[in-house]
């Protein structure tokens, strides 16, 4: 519905009101016509100033439109903020543009004409009704928005918000929305940069998106914090938005040169010094008061620290299973020794009979396949097909994915737990629960062939064609990772446990052992069968390695299946090559001596296991060294695959996760902590692989992470790996490919976090707030301590020491795009000073509030150029000069209601 009409003010100006509801103009109502039966009331329209004080950043206005209605107009009820658009014109100039406030309409229906009051809000006020990026609106899904979050300029964020709320704001369609900036803040004093600050500063979207949908900032809060950080304010005047500092307004009246940050146009506003006199006042109703006085201001920086660089794939809070419960997947039958007692105990176990042999054990393994919505596990390197979705989409046949991993390369998250029953029967206490542990499983399925390069599995091609094995699709961290000075180093630290799970040979498969194990002890004599009698004991002496018995053990596995976990499992007969967990009882192989990359000795003894790619912004970390120190890692410009000449060039943009064995440790079959290259001199309280980030690295932006695949290392008394992880070094006659002897790689307790060495300065308490405080010498202190910055400047090590805080990597720190560094200072043109934004803010308000200032409400005739947001007003009797804090208007009287504040030093 389109509603419009006009009236004459007492000053002779034509006031026109336009209203469009539901973006639909098929029905038209003209106010003041008998047909419409709608008229303006005696006091038809006014604009109200909603500014509380000069601390306000968004200087809001509202309006009231009063109509006399003969009929009920239901279209004027707005369910959402932008349903009904309102424009109010004074002659040919729009003086208010906004919306009918949603869900507030109440229309009486008692008299011939009932007065209907429409409460209207301007575009700046409307921002409070929408979340950042319009999260929660129809078709806007939080998870998708967060996944696409990036480091964006203040300009992109602010104009997206302002252009979004002003889309369709001009009902007549003949005006352009303008965004004027006074150029009072810049990154430096260069003339060319005067109006470019919004395009030269950036911050991460993640700051405004929070940890979940309920934490997403409202759009007005985002715009307010961006401008507050620069001590700027914004006011709407019709279709013009002005971004300015109070210092520009309070300066000696001359002119303000504005720049449209979108259209790149300029205009000049002449500032007049208007003397309040009988010729321009509307009435004698002037109110004078003393504004608030503070002799100390405290500004708290609300810091949003970055702790984790990515969400761990094993984070319990993010793991959800597509299956309703765990289920029994595997049973191990084991009998230590090779004699007849061990043999017959094994026979009894595989046939479901009882035995009291002390060296026997039956272990039931339970599995629950897990899904982490922030990680995908490609099938055969195809990132478009996720293994968990492929096998677990319907929540049935939970055994299918681990079965597949037992035969094909891939990765998945599985919770594993076991119940072990010793056949000695010396403890009949029940097992109260199955303790489940989350693992990231990377299947390898080595074939044990290590004497023929052409037959060993996995080969170079086998690994290469399955890259990547796991892809992080979340978006946990962003912002500025590099420190602000050369004294400080930040570190990304990867920690956890890693296991090269050995190939677990079996005495025989379960079906064969049930069928062929004899009923009598083995005969002694020729051929083991007594003369010419053939030996009936097919599996006699066919033991596999045991950690508990030098003679080995009889060992086999039985796999189970069930359609759903709530149904009884059945023997998955024929499934003899599925996945099997790390039991801690299988073989341990290849004693460690020392390690090398290429042909160089690695004295730190790092054995590389998994190759990973970490990209932050446009940089990636590359492992170039050979000694496992932090100096092995460098940050270089990341190149997409299309920019590289070969796979080797592309995949050398990676680093490896490994472990640090002691001399004498067995590489395969042992649980290790991920290699630690951190010593006490580095000044961080962490263990793991530390990747340094310095000021010169200029690391900032969105984080991407992939597990490319297993490292194709070889063992030859020492271990070696090729610079391209999926290739191996040149074979010698004694070379052993480690992966050929590995069934799977298991990772647990995996985390990727960020730390700072704080410039090697200990400040005692990491929990101290960052507070900027004005100085005061008065005995009595009236402080204002509710000031807060949610966007905060970077700190050098020296500044941290002065403030008594520890340095951290902050999501809430903006980036200077031109330098690639966190913002330490900005330039204030009015004060001709370069300082921290927090300091500029505190200094500005201390100057204004540390002395009593007169606040005056004055009503002036709204004529000629006597009324302007940027004029100065002088009261001769008070001998004071004032600036405008806000303007309201009574449109029928042609009166402007000014809130004025004394200009002082």
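In my numbering, the protein residues as written are 24 to 928.
C-beta atoms are modelled at their ideal positions from N, C-alpha and C, and glycine is treated no differently.
Just mark residue i as buried or exposed, buried being the case when its beta carbon has 16 or more other beta carbons within 10 Å.
i	result
residue 48	exposed
residue 26	buried
residue 507	buried
residue 167	exposed
residue 803	exposed
residue 307	exposed
residue 149	buried
residue 928	exposed
residue 31	exposed
residue 720	buried
residue 875	exposed
residue 556	Only weak support is given to the placement of residue 556: the predicted model assigns it a pLDDT of 49, under 50, and the question is left unresolved by the model.
residue 734	buried
residue 861	buried
residue 665	exposed
residue 921	buried
residue 607	exposed
residue 272	buried
residue 82	buried
residue 384	buried
Ends of the beta strand (DSSP E) at residue i?
i	result
residue 298	296-298
residue 487	Residue 487 -> not in any beta strand (DSSP E); alpha helix (DSSP H) instead, spanning 483-487.
residue 260	256-260
residue 283	278-283
residue 116	116-123
residue 319	319-324
residue 64	61-72
residue 758	That residue, residue 758, is in no beta strand (DSSP E); it is neither H nor E in DSSP.
residue 850	849-851
Could you tell me which of the options sits nearest to residue i, measuring between CA atoms?
i	options	result
residue 249	399, 173, 372 and 80	80
residue 418	829, 368, 727 and 348	348
residue 933	774, 782 and 578	Since the displayed the chain opens at 24 and closes at 928, residue 933 lies outside it and no answer follows.
residue 539	369, 378, 198 and 799	369
residue 261	289, 896, 85 and 466	85
residue 535	516, 561 and 527	561
residue 154	145, 165 and 144	165
residue 338	564, 395, 189 and 172	395
residue 34	101, 114, 414 and 504	114
residue 831	821, 291 and 779	779
residue 511	855, 705 and 299	705
residue 174	823, 764 and 724	724
residue 498	367, 384, 232 and 841	232
For my contact list, residue i and residue j are in at a C-beta cut-off of 8 Å; report their separation, rounded to the angstrom.
i	j	result
residue 123	residue 205	Not a contact, Cβ separation roughly 31 Å.
residue 208	residue 253	4 Å
residue 766	residue 524	5 Å
residue 442	residue 454	5 Å
residue 657	residue 645	6 Å
residue 655	residue 648	3 Å
residue 294	residue 278	6 Å
residue 633	residue 679	7 Å
Counting along the chain, where does the alpha helix (DSSP H) carrying residue i start and finish?
i	result
residue 170	165-170
residue 251	242-252
residue 89	Not the alpha helix (DSSP H): residue 89 falls in the beta strand (DSSP E), residues 84-92.
residue 835	Here residue 835 belongs to no alpha helix (DSSP H), and DSSP marks it neither H nor E.
residue 270	269-273
residue 147	146-149
residue 184	177-189
residue 109	Unbroken run through residue 109 is the beta strand (DSSP E), 107-113; no alpha helix (DSSP H).
Original post:
Is there contact between the stretch 228-248 and the stretch 313-325, where contact requires at least three CB pairs shorter than 8 Å?
Top reply: Under the three-pair Cβ rule at 8 Å, the stretch 228-248 does not count as touching the stretch 313-325.
Original post:
Three or more beta-carbon pairs under 8 Å between the stretch 343-360 and the stretch 517-525, yes or no?
Top reply: Between the stretch 343-360 and the stretch 517-525 there are fewer than three inter-stretch CB-CB distances shorter than 8 Å, so the stretches are not counted as touching.
Subject >> Meets three-Cβ-pair contact criterion under 8 Å: the stretch 83-101 and the stretch 131-151 >> reply: Touching, per the Cβ criterion.
Original post:
Using 8 Å as the threshold, is the stretch 45-65 in touch with the stretch 895-903, meaning 3 or more CB pairs across them?
Top reply: Touching, no.
**OP:** Tell me, please, whether the stretch 401-408 touches the stretch 422-434 by the rule of three or more beta-carbon pairs shorter than 8 Å.
**Re:** Touching, yes, given that three or more Cβ pairs across the two stretches are closer than 8 Å.
**OP:** Report yes or no: do the stretch 905-912 and the stretch 69-76 share at least 3 C-beta pairs separated by less than 8 Å?
**Re:** With the cut-off at 8 Å, the stretch 905-912 and the stretch 69-76 touch.
Subject >> contact_flag[the stretch 387-395, the stretch 336-351] where n(CB pairs < 8 Å) is 3 or more >> reply: Contact holds: three or more Cβ-Cβ distances are below 8 Å.
**OP:** Could you tell me whether the stretch 48-57 touches the stretch 218-226, using the rule of 3 or more Cβ pairs below 8 Å?
**Re:** With a cut-off of 8 Å, the stretch 218-226 and the stretch 48-57 do not count as touching, because too few Cβ pairs lie within range.
Subject >> At least 3 beta-carbon pairs within less than 8 Å: the stretch 478-485 vs the stretch 668-680 >> reply: By the Cβ test, the stretch 478-485 is not in contact with the stretch 668-680, since fewer than three Cβ pairs between them sit closer than 8 Å.
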